[in-house]
Amino acid sequence: MNLHFTSARPWLLLACFALGISALLAILLVLSRAPHVQELFGLAPFFHTILVLHVNFAVLVWLLSFIGFIWVYHLDCLNKVINYSALTFCIGGALLMLMSPLVEDALPIMSNYVPVIDSPLFFIGLTGVAFAISILGWQVLRYRSWDLIRLSAVVWFVALVVLAIHFFRLAWFEMTISDPIFFFESLFWGAGHVVQFVYVLMLWLVWRWPNTTLANTQTKVVTLILVLAIGLSIFLDPKALLSRQAYTLLMQGGMFLLLLPMLWWWTRVVKGTIGGGRKFNISLASSALLILLGVVIGLLIRDDSVIVTAHYHATNAAVTIAFMGLAYSFIQQYSTQSLSLKWVRFQLILYAFGMILYVLGMAGSGWLGVPRKTAMTLEDNSLEQISMGIMGLGGALSIVATMMFVGFILSAFLGRHKIVKVSVKELK
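In this text, residue positions in the sequence shown follow the working numbering: the first is 4, and each later residue adds one.
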């Protein structure tokens with residue numbers, strides 16, 4: 004087995020466990036939002052706690068662990084002690100976050116980007132996960148030449164710099180915190196926007212895998228974004244509305260400049276000028292479709308309704324399904340156990356279809372004025388019920404598909420079964 008993959012495999016397994024946990028938590032969330040079901044199970048009192056854990060495992064732990072997997076796979080000189088130390092910090096941090104609601108008076112705080120639970124266990128765990136990824140990021144900066152991998156690590160550290168500056172300014176100059184939601188939202192707003200660029204760069208890498216090269220234009224765009232991000236953290240008050248608006252505009256403009264050539268690349272794939280003609284990978288095509296859907300929904304955002312939630316579910320799902328496709332390719336290359344082409348295609352299509360339904364249903368609910376981050380009780384409104392029903396169906400399908408993916412990956416790499424081998428090329 005390839006030595007790079009041997010070192011990276013534990014990170015892939017950790018990522019899959021995190022995604023599986025998020026799917027289990029999502030079951031409770033879908034039940035709490037589906038019409039007539041939330042009253043039956045009485046989930047409303049626990050809704051926010053479940054939501055905090057779901058968001059952190061579905062986004063931070065899953066995506067960062069998978070990025071850790073990609074980084075370790077591309078490192079030639081990574082010391083085993085450093086690798087497994089980082090892995091231990093990440094696993095320990097994730098477990099502490101998961102156990103944090105068990106502490107007395109551990110209240111959920113629904114801040115944007117990183118909702119938290121007001122418990123020492125949660126904050127220690129969150130710090131442990133970030134520290135683990137930082138260990139790997141530092142190794143990337145030490146040993147990788149300038150490419151997408153190294154640039155993504157630079158963006159990660161700039162996000163931490165922005166976070167540190169905001170924390171210093173909030174904690175040092177504002178000793179009294181009367182509104183914890185406002186405090187943590189102000190703390191994470193800038194860094195949360197910057198981290199989105201890490202995800203986009205990794206998405207671009209997966210789309211063109213194994214090509215890690217960077218165009219000069221992309222380097223300049225990202226450099227400009229990072230300089231502006233640090234400048235905003237220094238010169239604007241993180242509590243001010245202007246700071247939030249500036250980071251939002253920075254992300255919108257930066258994403259446009261980065262996504263435009265990526266989507267142009269896809270048009271060339273479809274036209275057959277690159278990438279093997281019109282036959283393209285299901286996971287990557289679904290990823291591109293979800294990114295487009297997320298961009299369109301993002302343009303419709305006017306207030307703090309679930310349209311915002313629909314937007315980031317679409318974009319996160321785009322990254323997630325691309326990562327799923329990459330994980331399947333590693334099964335073919337490095338696992339003695341392989342998966343049926345039929346089941347792989349079914350899982351990917353089911354996940355994409357489920358997430359599209361979920362996002363469209365949620366966007367429809369937002370258009371009708373349904374608020375965010377609440378276990379909603381519907382009035383006698385048929386349009387709301389239809390939208391929420393579509394969202395519930397899509398959520399259920401995507402959860403089933405997610406659990407299928409987790410089961411496939413874990414069983415393949417833990418040697419649970421043997422299925423007919425297929426070529427990666429057949430997935431196209």
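Positions of the beta carbon are idealized from the N, C-alpha and C atoms, including for glycine. Bear in mind the structure is a predicted one, so any value in this text is a computation, not a measurement.
DSSP state of L144 mapped onto helix, strand, coil: helix
Beta strand (DSSP E) runs contained entirely in the region 199-224, provided each spans 3 or more residues: none
Three-state secondary structure assigned by DSSP to L110: strand
Residue interval of the beta strand (DSSP E) (run including V119): V119 to D121
Chain E within 8 angstroms of I324, Cβ atoms only: Included in the structure is just one protein chain, with no chain E present.
Nearest to L231 (by Cα), restricted to the options F185, V164 and S286: V164
Under the three-state DSSP convention, the category L239 falls into: coil
Helix, strand or coil at H169 [DSSP, three-state]: helix
V33 beta carbon less than 8 angstroms from that of I389: no
Sequence-distant residues of its chain with Cβ nearer than 6 angstroms to A366 (five each side left out): I300, I310 and A313
E107, buried or exposed, once every other Cβ within 10 Å from all chains shown has been counted against 16: exposed
Residues near C80 in its chain [Cβ-Cβ closer than 6 angstroms; skip 5 each side]: Y146
The region 154-162 / the region 118-125 touching (three or more Cβ pairs under 8 angstroms): no
Residue environment, N219, which counts as buried when at least 16 other CB atoms sit within 10 Å: exposed
Cβ pair F69, A18 closer than 8 angstroms: yes
Burial state of S343, where buried means 16 or more other Cβ atoms lie within 10 Å: exposed
Backbone secondary structure at S343 - three-state DSSP: coil
Contact belief for G398 with A26 at Cβ below 8 angstroms, rounded distance in angstroms: That belief does not hold up - the Cβ atoms of G398 and A26 are roughly 10 angstroms apart, past 8 angstroms.
R12 to Y361 span [Cα, whole Å]: 31 angstroms
M327 versus S414 - alpha carbon distance: 15 angstroms
Start and end residues, alpha helix (DSSP H) containing S181: Taken as a continuous stretch (DSSP letters only), S181 belongs to no alpha helix (DSSP H), as it is neither H nor E.
Where W159 sits in the DSSP three-state scheme: helix
A325 to I285 span [Cα, whole Å]: 9 angstroms
Continuous alpha helix (DSSP H) assignments of at least 4 residues falling wholly in the region 61-117: 65-76 and 83-102
Three-state class that DSSP yields for L351 in the structure shown: helix
Stretch pair the region 201-213 + the region 59-73: three plus CB contacts closer than 8 angstroms: yes
Straight-line Cα distance separating T405 from G193: 30 angstroms
Beta-carbon proximity of F187 to S114, cut-off 8 angstroms: yes
7 angstroms Cβ shell around H57 - same chain, five flanking residues per side excluded: S25, L28, A29 and L32
Alpha-carbon to alpha-carbon, N59 and N250: The sequence given here places Tyr at residue 250; Asn does not occur at that position. Going by the C-alpha atoms only, they are around 21 angstroms apart.
For V64 and A97, believed in contact at Cβ under 8 angstroms, the rounded distance: 5 angstroms
From S289, S236 and A317, residue whose alpha carbon lies closest to that of G297: A317
Spatial neighbours of W14 in its chain, beta-carbon cut-off 7 angstroms, leaving aside the 5 residues before and after: S68, G71, F72, V75 and L90
For S189 and F417, the rounded distance between their alpha carbons: Correcting the residue type first, residue 417 is Leu in the shown sequence and not Phe. The alpha-carbon atoms of L417 and S189 are separated by roughly 42 angstroms.
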